[in-house]
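Number of protein chains: 2
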Amino acid sequence: MLTPMTLEIGMLLFPQLTQLDLTGPHEVLARMPDARVHLVAKKLDPVISETGMAIVPTTTFAELPAPDVLFVPGGYGQIAATDDAETLAWVRAAGDSAKWVTSACTGSLLLGAAGLLRGYRATTHWAFHDLLPLVGAIPVDERIVTDRNRITGAGVTAGIEAALAIAAAVSGRDVAEQIQLQIEYDPAPPFGAGHPRVATAALVEQMRARVAPRHAERLAQLSRTS
Amino acid sequence: MLTPMTLEIGMLLFPQLTQLDLTGPHEVLARMPDARVHLVAKKLDPVISETGMAIVPTTTFAELPAPDVLFVPGGYGQIAATDDAETLAWVRAAGDSAKWVTSACTGSLLLGAAGLLRGYRATTHWAFHDLLPLVGAIPVDERIVTDRNRITGAGVTAGIEAALAIAAAVSGRDVAEQIQLQIEYDPAPPFGAGHPRVATAALVEQMRARVAPRHAERLAQLSRTS
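The structure is reproduced here in structure tokens:
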């Protein structure tokens, strides 16, 4: 009799991540049967998110060189993570051997900087979507983009949806629907401002102005490294 | 000239919480201007969620007896938290003095056990909705229920929506819409199984059977304490 294989899921943690990029998918992926979720970082010290939440890693890069599923979140700290040779090398090697290579938000730019999205259709946070071609990806303006074994989600909350798509791809749609019902993901936002398509032009302009310095920083970085 | 007041937001952490009940709202509330979010627990040791994520508290009960906004998440550990006299006393006192008393998922049952929902309209996770009358609340089957200064969210992911409603109530709709656009909350779930209203009868039955022991445990607890 064969022992059921445990799926090893490696979720990258780095300082100044957007915690919901990670915690949303974590709540979904950790509910998959026969899966073990690892929060992977350089060291086991707590990692502080952009908004000040400290999350404790469970596993170091050295302990999990080859997860079955690689997941990368986004956030401002993704720029420094991309500049960090050790982090980039882990992402590249883990992505090369993983069955599934996945991300939420600007995590796809880190996957891309590691060379993992060349020639793949992908998405990212709406405010950074125009940067995808700099890493050789084909930008698609959708909440979830699946291309072969790459599954990328759009900004922050789209990570929950990307994780449901990962659960369906790995364990079947029944499992994904069970998890969706458990986490009562039957959204009804109180306002309709979650995407430039539906927000007012003034609000979109204000947000673009606010992220402009970060956008410029990433543009410079990706132009340098690609 | 008056100094702008900082809004002190106290989010309760307890062992075996459902982390997304807390992390979703945290990502929203931490983006409010002039607000400071505290992760409040008995001690400052990391608190482990139901799915194994360790989050580090920032503040003890003693350090924050009277937050302006009280937020309580749910999860299996909510039963033990309700049985813990120190936790229940903090919730009761904080709720009595807070400007806003809020929750996601079964967090409302903890608010209720502390006597904070008597005569208030409220919601909770669909599988535990029938327990609300045991704490004197008036059950409403909606994603977000606002009654005077009580704002309760339905299961897990509804916490993101409840937090947008809190941001709007406290800081105005413009601020809530800015945050919604930042976190790209423009949901498009890949499947339509997030509520008993839309899931198949077989799936709902399966989930009810799975949570039956927890439901019975909570029913017994709330019957005892109310």
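Residue numbers (the numbering used here), protein chains in the order written: chain D, 20 to 245; chain X, 20 to 245.
Where a beta carbon is used, it is the ideal one built from N, C-alpha and C, also for glycine.
Since the model is a prediction, treat every value here as computed from it, not as a measurement.
Partner residues in the beta bridge of D:Val59, as assigned by DSSP, are D:Leu31 and D:Thr78. D:Leu150 and D:Leu238 do touch by the CB rule: their CB atoms are close to 6 Å apart, below 8 Å. Interface annotation, X:Arg233: not in contact with chain D, CB-CB separation never under 9 Å.
CA-to-CA, the gap between D:Arg140 and D:Pro158 works out to about 6 Å.
Here the C-alpha atom of D:Ser122 lies approximately 20 Å from the C-alpha atom of X:Val47. In the three-state reduction of the DSSP assignment, D:Val120 falls in the strand class.
Membership of D:Ile170 in the beta strand (DSSP E) is indicated by the continuous run Arg169 to Gly172.
Under DSSP, the beta-bridge partners assigned to D:Pro158 are D:Ala141. For D:Thr165, there is no enclosing alpha helix (DSSP H); the enclosing beta strand (DSSP E) covers residues Ile163 to Asp166.
Around the C-beta of D:Thr25, fewer than 16 other C-beta atoms lie within 10 Å, and the residue is accordingly described as exposed.
For the pair X:Gly96 and X:Thr143, the CB atoms are not nearer than the 9 Å cut-off. When C-alpha distances from X:Val66 are compared across X:Val59, X:Ala220 and X:Val75, the shortest belongs to X:Val75. Remark: C-beta atoms of X:Val154 and D:Glu203 do not approach each other more closely than 9 Å. For D:Leu129, the uninterrupted alpha helix (DSSP H) segment begins and ends at Gly126 to Ala132. Taking a contact as a CB-CB distance under 8 Å, the pair D:Val88 and D:Lys118 counts as one, their CB atoms being some 7 Å apart.
Across the structure, X:Ala186 and X:Leu36 are spaced so that their CA atoms are roughly 23 Å apart.
In this structure X:Ala132 is in contact with X:Leu107, their Cβ atoms being roughly 7 Å apart against a cut-off of 8 Å.
For X:Ala218, the three-state secondary structure derived from DSSP is coil. Its Cα nearest to that of X:Asp102, the residue X:Leu130 stands out among X:Leu130, X:Pro52 and X:Pro206. DSSP places X:Val91 within a strand segment (E or B) once states are collapsed to three. Collapsing the DSSP output to three states places D:Val175 in coil. The three-state secondary structure of D:Leu183, taken from DSSP, is helix. Within chain X, the residues whose beta carbon sits less than 8 Å from that of D:Gln38 are Thr42, His45 and Glu46, listed in sequence order. D:Ala113 carries a helical assignment under DSSP once its states are collapsed to helix, strand and coil. With fewer than 16 other CB atoms across the displayed protein chains lying within 10 angstroms of its CB, X:Thr219 is exposed. Classified as buried, X:Glu196 has 16 or more neighbouring CB atoms from the shown chains inside 10 Å of its CB. Here D:Glu180 is buried: its Cβ has 16 or more other Cβ atoms, across all protein chains shown, within 10 Å.
Under the 9 Å criterion on CB atoms, D:Val59 is classed as non-interfacial with respect to chain X. Between the alpha carbons of D:Phe147 and X:Ile198 lies a gap of roughly 16 Å.
The alpha-carbon of X:Arg50 is positioned some 15 Å away from that of X:Leu58. In its chain, beyond the 5 residues on either side, Ser68 and Met72 have a beta carbon closer than 6 Å to the beta carbon of D:Gln38. By the neighbour-count criterion, in which 16 or more other beta carbons inside 10 Å mark a residue as buried, X:Ala177 falls on the buried side.
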